[in-house]
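Peer 1: Start counting at 1 in the sequence shown, then tack on 2, and there's your number in our numbering.
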Amino acid sequence: MSVAEARLIARSRLRREPMQRLADEQGVSVRCVYRHRAAAGKYLAAYLRQQLRTE
């Protein structure tokens with residue numbers, strides 16, 4: 003998981019920043035930002051599962 007992916011999740015989920023603002027900053031469509039966030043969420047879930055297995 004990259005820093006950019008973690009920031010996307012934090013800004014959109016935790017800070018509840020509008021997806022339109024995030025899309026505008028990145029110069030992409032809102033749909034694209036939603037897809038990136040979904041992918042980042044999958045990476046985060048996989049990472050957390052792996053961490054639980056190694057404990």
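From the three backbone atoms N, C-alpha and C, an ideal C-beta is built for every residue, glycine too.
By Cβ distance, which residues of its chain are closer than 8 angstroms to Ala8, with the 5 residues on each side in sequence left out?
Peer 2: For Ala8, where only same-chain residues beyond five positions count, the Cβ hits under 8 angstroms are Ala42, Leu46.
Peer 1: Between which two residues does the alpha helix (DSSP H) containing Glu19 stretch?
Peer 2: Run containing Glu19: none; DSSP gives neither H nor E here.
Peer 1: Going along the chain, which residues of its own chain have a beta-carbon closer than 8 angstroms to the beta-carbon of Val35, five neighbours each way excluded?
Peer 2: Counting only Cβ-Cβ distances below 8 angstroms, and skipping sequence neighbours, we find Leu10, Ser14, Met21, Leu24, Ala25, Gln28.
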